[in-house]
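Following my numbering, the numbering of the sequence shown begins with 2 at its first residue and continues without gaps.
One structure is given here, and the rest of the page talks about it.
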Amino acid sequence: MPSETATTTADPAFSLENIHISDADLPPFTDMPFEDIEELHLDHPGANDAEYRTRRDYIASLSKNFRETGIITDVDYNEDEQGIWRHVTTRLEALHEKYASPFYLQAKRDLGISTDRIPQLSEMSRRLKELTNFRLAPIEGLVDTRAFLSWLSWRTMLSTQYIRHHSRPEYTPEPDIVHEAIGHIPMFTNQNFADYSQFIGHGARIATDKQIEELGRLYWFTVEFGLVEDKGEIKAYGAGLLSSFGELEHAFSDEVERRPFDLEEVINTSYDYSDMQPLLYVIPSYAELKEVTRRYISHFNG
Ligand SMILES: [Fe+2]
């Protein structure tokens with residue numbers, strides 16, 4: 002998920018209808034304005050674990066290399082890291098069967114994401130490209146909202162590679178490979194969701210600062226915490242739900258208000274990322290989400 006500050010990288014030349022992006026269209030990754038990438042916070046469970054910090058920094062350095070070479074380096078995850086993955090994803094799997102959108106469940110299988118081992122960004126990116134022409138680009142931490150969202154306009158998702166600290170496997174204050182591969186990446190195999198993401202990215206490139214804030218809320222209430230109707234039931238497709246035991250069960254409890262999605266309302270509704278979400282929005286379909294967003298973005302002036 003993006004952090005909360007914004008910079009400007011507007012490019013009004015991008016056409017909203019141009020959703021066919023090829024490798025040749027991509028700006029050089031070396032141009033990424035990433036001087037503001039967030040380092041490990043002091044409240045991170047691994048902040049005082051020197052061994053963890055060294056390992057996290059090493060994996061982050063592989064992501065940094067990507068910006069010079071454009072090539073994703075696979076991480077040789079060690080047995081401890083594989084153990085964290087197995088522990089977290091096995092527990093989530095049972096909840097997914099109950100609460101996740103059927104599309105998501107199929108997508109995980111299509112991408113070969115299992116509880117057995119941590120998937121590599123390179124293999125998932127290759128498969129995404131075949132399915133919906135989406136790509137993954139490694140990144141070593143949180144970047145500002147405009148930069149993060151803007152890359153979606155090139156059908157590219159920035160993704161971390163390191164994994165959370167073993168002391169609190171159920172929790173991470175920053176995105177990690179569990180959040181990315183279990184939460185975000187499967188949904189990009191959906192053509193409508195992928196196009197929707199690209200529209201958000203397009204909007205981010207030409208948005209005013211106020212509109213960036215609106216897009217951040219739209220992203221939050223859909224890509225991170227979205228619910229979708231499915232055959233008369235409500236299911237989860239948001240990454241913040243699908244990658245968190247606590248949030249996923251909470252989302253379907255009586256403590257949460259689940260409202261029908263209304264774009265105008267969503268872009269004007271603030272959220273608190275430090276607490277469980279009391280309000281969620283249910284989209285009728287990914288196609289509908291894409292269409293209302295296309296109409297909304299088409300009013301941005303650039
Ligand atoms: Fe996220």
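Here a beta-carbon is modelled for each residue, glycine too, at the ideal position from N, C-alpha and C.
DSSP three-state assignment for residue i, whether helix, strand or coil
i, result
"S299", "coil"
"S168", "coil"
"A48", "coil"
"L367", "Because the chain is modelled from 2 through 303, residue 367 falls outside the range shown and cannot be assessed."
"D273", "coil"
"Y197", "helix"
"Y282", "strand"
"I235", "strand"
"L27", "coil"
"V76", "coil"
"L112", "coil"
"E175", "coil"
"T90", "helix"
"S244", "coil"
"A208", "coil"
"D117", "coil"
"H1", "Since the displayed the chain opens at 2 and closes at 303, residue 1 lies outside it and no answer follows."
Residues bridged to residue i (per DSSP)
i, result
"V144", "Per DSSP, none; premise fails for V144."
"L159", "A138"
"R259", "L281"
"E101", "Contrary to the premise, residue 101 reads as Ala rather than Glu in this sequence. Beta-bridge pairing links A101 to A237."
"L249", "Answer is none; L249 lacks a bridge partner."
"L228", "A237, V283"
Residue i classed as buried or exposed, judged by whether at least 16 other C-beta atoms fall within 10 angstroms
i, result
"D273", "exposed"
"Q162", "buried"
"I72", "exposed"
"S275", "exposed"
"A14", "Per-residue confidence for A14 stands at a pLDDT of 49, beneath the threshold of 50, marking its modelled position as unreliable; the derived number appears in the next sentence. A14 is exposed by the Cβ-count criterion."
"E225", "buried"
"E234", "exposed"
"T223", "buried"
"N49", "exposed"
"A182", "buried"
"K232", "exposed"
"M125", "buried"
"M277", "exposed"
"P120", "buried"
"A51", "exposed"
"L150", "buried"
"P139", "buried"
Straight-line Cα distance separating residue j from residue i
i, j, result
"A148", "K109", "27 Å"
"G47", "D145", "23 Å"
"V76", "P285", "38 Å"
"Y100", "M188", "15 Å"
"G239", "L228", "7 Å"
"R128", "L137", "10 Å"
"E175", "Y53", "15 Å"
"H45", "F246", "19 Å"
"H97", "L106", "7 Å"
"F104", "L63", "32 Å"
"D81", "E250", "27 Å"
"L216", "A195", "16 Å"
"N134", "L27", "12 Å"
"E248", "Y287", "21 Å"
"L132", "F30", "23 Å"
"I22", "S154", "9 Å"
"H167", "E141", "19 Å"
"I178", "L219", "23 Å"
"A252", "V283", "11 Å"
"Y197", "G84", "34 Å"
"A190", "H42", "In the sequence under discussion, the amino acid at residue 190 is Thr, which differs from the Ala named in the question. When rounded, the distance between both Cα atoms is 32 Å."
"A25", "K291", "25 Å"
"R68", "R156", "17 Å"
Cutoff 8 Å: residue i Cβ touching any chain C Cβ
i, result
"D81", "Considering every chain present, this structure includes no chain C. It has just one protein chain."
Contact test: residue i Cβ vs ligand 3 heavy atom, cutoff 7 Å
i, result
"A240", "In the structure on display, ligand 3 does not appear, and the ligands it does have are ligand 1."
_Stretch-stretch touch, CB-based, cutoff 8 Å, three pairs: the region 110-129 with the region 261-272_ = no
*asked:* Across the region 58-75 and the region 208-228, are there enough close Cβ pairs to call them in contact, namely three or more that are closer than 8 Å?
replied: no
*asked:* Is it the case that the region 244-263 contacts the region 186-204, given that we only count it when at least three CB pairs across the two stretches are under 8 Å?
replied: no
*Kindly confirm or deny that the region 171-185 and the region 84-93 touch, where touching means at least three C-beta pairs closer than 8 Å.*
yes
*Given 8 Å as the limit, is there contact between the region 295-303 and the region 240-248, that is, 3 or more CB pairs closer than that?*
no
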